[in-house]
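Under this note's numbering, the sequence shown has 24 at position 20, and the numbering climbs by one with no breaks.
To keep things clear, I will list the structure first and then write my remarks on it.
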Amino acid sequence: MGQAWVDRWSFVHAAVASLITAGLWALHLGWWSVLVVSGLEILWEIFENNDPGIALWNALDYTGYEGDSRSHTTVDIVITCSSSIAVSAVAYTHGAEVALISAGGLSAVAAVLFVIYKVT
């Protein structure tokens, strides 16, 4: 499959990972947050690239979606985990409140990039 390694949805992976991680730090999970987010991401990728996930995307008007390439799936996992680690580092050094603000900022940037990527 000739799928790009990064697509507009990769920005969503970064945003969601940062927000969940910051929320988990606020719930005092600490560095376990990275493990939780990583596990959720892996479960999502398994779902998304099997029959139920493919059917979901096709039902959402992504006609012809057949699942992601291995390289794209790997990059999505790396982006998600990296975002989670970055927010955890902020939370560890500056506290959960600053991490939540940082995650919100990252999510705002990711939303803009999501739209720009679609337009270009």
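Idealized CB from N, CA, C, for every residue including glycine.
| said: On the CB-based measure, 16 or more other CB atoms within 10 Å of its CB, does isoleucine 50 come out buried or exposed? | reply: On the sequence shown, position 46 is the one that residue 50 refers to. With fewer than 16 other Cβ atoms within 10 Å, it is exposed.
| Status (buried if at least 16 other CB within 10 Å, exposed otherwise) for tryptophan 29 | Taking the first residue of the sequence shown as 1, we reach residue 29 at position 25. Tryptophan 29 is buried by the Cβ-count criterion.
| request: Using 10 angstroms around the beta-carbon of histidine 98, count the other beta-carbons present and answer buried if the total reaches 16, otherwise exposed. | output: Taking the first residue of the sequence shown as 1, we reach residue 98 at position 94. Exposed.
| said: Please list the terminal residues of the continuous alpha helix (DSSP H) segment that includes asparagine 53. | reply: As a working mapping, residue 53 is identified with position 49 in the sequence shown. Taken as a continuous stretch (DSSP letters only), asparagine 53 belongs to no alpha helix (DSSP H), as it is neither H nor E.
| request: Using 7 Å as the cut-off, classify the Cβ of asparagine 62 as near or not near the heavy atoms of the ligand ZN, replying yes or no. | output: Among the components modelled here there is no ligand, and therefore nothing to report on the ligand ZN.
| field | valine 41 beta carbon less than 8 Å from that of alanine 21 | value | As a working mapping, residue 21 is identified with position 17 in the sequence shown. As a working mapping, residue 41 is identified with position 37 in the sequence shown. Closer than 8 Å, so yes.
| task | Under 8 Å Cβ to Cβ from isoleucine 8, same chain only, skipping five residues before and after it: list those, please. | result | Along the sequence shown, one-based indexing puts residue 8 at 4. The question names isoleucine, yet the displayed sequence has alanine at residue 8. The beta carbon of alanine 8 is closer than 8 Å to those of His76 in its chain, skipping five residues each way along the sequence.
| request: For the alpha helix (DSSP H) containing histidine 32, list its first residue and its last residue. | output: The residue you call residue 32 lines up with position 28 of the sequence shown. Counted as a single uninterrupted DSSP element, the stretch harbouring histidine 32 is not any alpha helix (DSSP H), since DSSP gives it neither H nor E.
| request: Please state whether DSSP places alanine 63 in a helix, a strand or coil. | output: Locating residue 63 in the sequence shown gives position 59, where the first residue counts as 1. The answer is helix: DSSP assigns alanine 63 an H, G or I state.
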